[in-house]
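Data block below; observations after.
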Amino acid sequence: MLEWQRMGRAMQYVGDSECHLPGAAKSGIKAMQNSRNNSGNGNPSQTRLFQIVLSSVAIVLFSCFVLVSPYLLQLPASVPAEADAIVILGGGKGDRVAKSLDLYRAGYARNLVLTGTKPSRVTSHQDVPDSRTEFLVNRQVPSEDISYLFPSENSWEEAHSALRMMQQLGWEKVIVVSDPPHMLRLSYVWGKAFRDYPKHFTLVATEPTWWSPLTWWGNRTSFAFVFSEILKLGYYVVAY
1 MLEWQRMGRA
11 MQYVGDSECH
21 LPGAAKSGIK
31 AMQNSRNNSG
41 NGNPSQTRLF
51 QIVLSSVAIV
61 LFSCFVLVSP
71 YLLQLPASVP
81 AEADAIVILG
91 GGKGDRVAKS
101 LDLYRAGYAR
111 NLVLTGTKPS
121 RVTSHQDVPD
131 SRTEFLVNRQ
141 VPSEDISYLF
151 PSENSWEEAH
161 SALRMMQQLG
171 WEKVIVVSDP
181 PHMLRLSYVW
191 GKAFRDYPKH
201 FTLVATEPTW
211 WSPLTWWGNR
221 TSFAFVFSEI
231 LKLGYYVVAY
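Be aware that the sequence shown starts at 1, since it is given in UniProt numbering, and climbs by one per residue.
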């Protein structure tokens, strides 16, 4: 019995020992507890500052994207130079074939190549294979000056198809006509396709009314075009 009483008093002393600690020790324990609490909950002012900085960085990056991306997309466009042929890429709203006709009339090349259509020889203004051919023959372009590339699955195949035509016909240089935001992806794709061959191309951009690199997001056509080109460019960089 005496042993049990001694053990009880010892346990009571251990349990109450914190109450008998010196003042400095108690302050240290409380400081450690407060530090743990603050580290768990976080400093509200610091958290708010971090959120402001993060939001500011996001706004700056988005602003750079809005302002810079359209200029980067059209950057590879160049002034026209004499070539063996003018390659008119499919798509668009007629601006590409119109620009190509201007270059043809200005004497930059004597051959026009339409992509994305079946090859066919035009002998009259009737029964023509597509509206672009009709546009050209109705403006006095001789049918023998118009050539065709078979439809391609994508821009990569289109560039290689044009390269094969150049090799078969002995052409050294072509002008490639498309819309301004298409230029960067074309530069990448055609540059890769032509890299190991002594052939050359010049990219010439159209001047569509819907395109303005400064206010591109305000037009539905240019808005969709820019985002589409950014996504496609990313895909081509990864895939090819």
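All residues carry an ideal CB built from backbone N, CA and C; glycine is no exception. Nothing here was measured: the structure is a model prediction, and the numbers come from that model.
The alpha helix (DSSP H) enclosing residue i, as first and last residue numbers
| i | result |
| --- | --- |
| A159 | 155-169 |
| L186 | 183-194 |
Where the beta strand (DSSP E) containing residue i begins and where it ends
| i | result |
| --- | --- |
| S212 | Counting along the chain, S212 falls outside any beta strand (DSSP E), and DSSP gives it neither H nor E. |
| V97 | V97 -> not in any beta strand (DSSP E); alpha helix (DSSP H) instead, spanning 95-105. |
Per-residue DSSP class, three states only, for residue i
| i | result |
| --- | --- |
| S178 | strand |
| Y148 | strand |
| L231 | helix |
| V141 | coil |
| T206 | coil |
| L49 | helix |
| L112 | strand |
| A224 | helix |
| A81 | coil |
| S124 | Low local confidence applies: a pLDDT of 39 at S124 is under 50, so the model's placement there is unreliable, and no value is given. |
| Y240 | coil |
Rounded distance between the beta-carbons of residue j and residue i, thought under 8 Å
| i | j | result |
| --- | --- | --- |
| R132 | V97 | 5 Å |
| A109 | D84 | 6 Å |
| L101 | R139 | 6 Å |
| V177 | K99 | 5 Å |
| K192 | L163 | About 11 Å separates the two Cβ atoms, so there is no contact after all. |
| S161 | S152 | 6 Å |
| S78 | T202 | 5 Å |
| P80 | L103 | 6 Å |
Buried/exposed call for residue i, threshold 16 Cβ in 10 Å
| i | result |
| --- | --- |
| residue 262 | The structure shown does not extend to residue 262, since the chain is modelled only from 1 to 240, so the question has no answer here. |
| P44 | exposed |
| V238 | exposed |
| E158 | buried |
| P142 | exposed |
| I175 | buried |
| P70 | buried |
| A224 | exposed |
| L49 | exposed |
| Q74 | buried |
| V137 | buried |
| E229 | buried |
| residue 270 | Residue 270 lies beyond the residue range present for the chain, which begins at 1 and ends at 240; the question has no answer from this structure. |
| L89 | buried |
Neighbour flag for residue i against chain B, beta carbons, 8 Å
| i | result |
| --- | --- |
| S69 | The structure shown contains no chain B, having only a single protein chain. |
Original post:
When the Cβ atoms of the region 200-215 are set against those of the region 76-96, are three or more pairs found closer than 8 Å?
Top reply: yes
Original post:
Does the region 137-149 come close enough to the region 180-189 to have 3 or more Cβ pairs within less than 8 Å?
Top reply: no
Original post:
Is there contact between the region 219-227 and the region 185-197, where contact requires at least three CB pairs shorter than 8 Å?
Top reply: no
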